[in-house]
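Input: a single structure, listed below in structure tokens.
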């Protein structure tokens, strides 16, 4: 049957012929010429042309059937020029019955395309980016129907992957084509976790290999797709109903959006049509994902562009269902760099720690839980790298510079050598920190500083001995919940807490009760949608509203600490009444254990985190009720400055070394000193030498830092003279400037501090 398009419905036969042409021998140009001849013949088109994007952005005619052959490699269109440029700019197909009269038509006499009126062009999309254009043309003025548009998009998708993989064109032909970038590049982002690393790229969403694009059995692929879609929808329904899930940290609202998109008729129809056209189920998902990337990425409305992420995540989950296992199970090279749009802590922990060297993210924030886990594991991490995944191919060499917040893609040998030299210096510095491991943290004037570390994972326990920290000042208990498929049972929680205390031996451990809610929603818990979850029912509020959840955790802590000292603190205390209610639950659990003859802790100390500004004006009522307090500077400062620390648009709107922040910290320290209440700082500030210098100058003598910060902060402490530091800081706190960071840096240099 001839419809003015394919000689048989669907491009399956054509795709097979293209595959044969690609696999054939001979020079690359001959194979490319055969491909365009095959497409022209099958689509009953008088012209078929392939344009590829050069590194300059120009679109070069690489092969044609029907136009002047001398125009091949001689005709180049500037970005956006002509109908071909318009297809690439829109990253969407264009079908016209009278192309020469279209405003975007560009006449190139060397091509000899004057007689051709009908025009159908489709972009070769890779990573949502047009790397070329496939065009068919006919003399007669006619409009190509929907089936033909669908067919040419399928063919363009196959061509895009095969061209990019080097299967159709060799590396010599691709050298100056912007298909798979090969030139050295430097991207500026934000540092999420300190350190330096280099290695081969591993994409979190593995690219689809060309050999898995074309279906051998279309009916089988249709069944696979239908079964996987059913399984995907069932898993999302289970999440919405509070069942088991692997999506730790995903909010209920996003799950609802997933379900809506999973039922979207347009999305489902696009997948089904792509499979019927001759693609495998995986290739169909990849093609539809590419089309959505191209369409949504050009939207001006930020909300609409955010919906791209929902489609991306949904497509990735569908690919996992089709694969039948986790993509992280694939063979991974030693010393690899993981590249992703974003990651949850559970995703990151699935990768083998002995092979993972660094992490690069397109999005995220330094306060995200992937970043916190990366710091805990001392994995260098840089985020907010726009366009990262489009610029990289699997296996590319990259450098992660967590010191400057930069990524170097395909670095030159001299750049790699420079980074290796810096890494050697870091190792030397680390060796110096190792020598200080058993040295007490005492300032030059004789002030003893207690230096603790933060933890939240079993792997963090190794850092206690490695860093020489005097204990764990903050153990984040929520990580166990976030990486679990279901609510951890009582014995599972008890086992972890006992493991932590065993590893600490006689060193103190402060357990923070569950700090979930906000950006740490557990999908297996029934959570109501909140307009502003950061200021909603989270942390202690959730624990008090669901006392069974908090009591089970307290019961596990008491059981784990039997006969030993137990330190428990409650997060996000905003009122004195909240602390009273939380402490009452501890007493009730102690009574419950005692009535059953259980062994209680030898000593029980209950504290509060000061991270809500409301407590600044009620410390006189709170402190007498507590055994200790700990300052969570991350939350305290974001609430003080009304700037979400996880939002990159506003997270840099304040400086912790500003007068308001320093005055608030000074006030807390003074009130604790007046009441003889032990106080420590466990926020990120405690792990940065300059900020830690300001804290000890304010009078703080207990700091809990990330593992990587213990050595640098101890070295600073050993070089500090607190009376001198206090005199210098007192003057700066009278300043009317927003930030006094530069002045504190100057003071540190004047005092010869090792910061």
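Residue numbers (the working numbering): 4 to 758. C-beta: ideal position from N, C-alpha, C; glycine also. Computed from a prediction, not measured in an experiment: that's the story for all the values here.
A Cβ-Cβ distance of about 5 Å is found for the pair residue 69 and residue 49, placing them in contact under the 8 Å criterion. Residue 374 sits in a helix when the DSSP states are folded into three classes.
Residue environment for residue 394: buried (at least 16 other C-beta atoms within 10 angstroms of its C-beta). Distances from the CA of residue 376 to each of 429, 471, 483 were compared; the closest alpha carbon is that of 483. According to the DSSP secondary-structure assignment, residue 593 is paired through a beta bridge with no residue.
The beta carbon of residue 292 sits closer than 6 Å to those of 318, all from its chain and outside the five residues before and after it, given in chain order. Residues of the same chain with a CB within less than 6 Å of the CB of residue 626, apart from the 5 flanking positions on each side, are 678, 680 in chain order.
Where residue 549 is concerned, there is no enclosing alpha helix (DSSP H), because DSSP gives it neither an H nor an E. Assignment of residue 725 by DSSP, reduced to helix, strand and coil, places it in the helix class.
Residue pairing by DSSP places residue 361 opposite 340 in a beta bridge. Beta-bridge partners assigned by DSSP to residue 293: none are found. The segment 704–717 and the segment 457–466 touch, with three or more beta-carbon pairs separated by less than 8 Å. Per DSSP, reduced to three states, the secondary structure at residue 690 is helical. For the segment 84–120, the full-length alpha helix (DSSP H) segments reaching 4 residues or more read 85–93 along the chain.
Scanning 278, 619, 557, 570 for the CA closest to the CA of residue 595 turns up 557.
One alpha carbon belongs to residue 487, the other to residue 336, and they sit about 27 Å apart.
Per DSSP, reduced to three states, the secondary structure at residue 412 is strand.
Residue range 465–470 is occupied by the alpha helix (DSSP H) that includes residue 466, with no beta strand (DSSP E) assigned at that position. Taken in chain order, the complete beta strand (DSSP E) segments of 3 residues or longer contained in the segment 665–715 are 682–684, 705–708.
In terms of Cβ geometry, residue 391 and residue 321 do not form a close pair [threshold 7 Å].
In the DSSP annotation of this structure, the continuous segment of the beta strand (DSSP E) that includes residue 404 starts and ends at 400–404.
Under the Cβ criterion (8 Å, minimum of three pairs), the segment 432–448 does not count as touching the segment 197–209. Residue 372 and residue 515 have their C-alpha atoms spaced approximately 16 Å apart. For residue 460 and residue 519, the gap between their C-alpha atoms comes out near 16 Å.
Under DSSP, residue 191 forms a beta bridge with 409. For residue 141, the enclosing beta strand (DSSP E) begins and ends at 132–141. When the alpha-carbon of residue 604 is set against those of 592, 614, 613, 237, the nearest one is in 592. DSSP places residue 584 within a helical segment (H, G or I) once states are collapsed to three. Non-local beta-carbon contacts of residue 85 in its own chain, meaning distances under 7 Å to residues more than five positions away in sequence, involve 107, 108, 109 in chain order. Between the C-alpha atoms of residue 45 and residue 228 there is a straight-line separation of about 27 Å.
Annotated three-state conformation of residue 619 is helix, per DSSP. Residue 573 is bridged by DSSP to 611. DSSP places residue 758 in the coil class of the three-state scheme, outside both helix and strand. Put simply, of 65, 83, 88 the residue whose alpha carbon is nearest the alpha carbon of residue 77 is 65.
By the 16-neighbour rule on beta-carbons within 10 angstroms, residue 407 is exposed.
Sixteen is the threshold: since fewer than 16 other Cβ atoms of the shown chains lie within 10 Å of the Cβ of residue 432, the residue is exposed.
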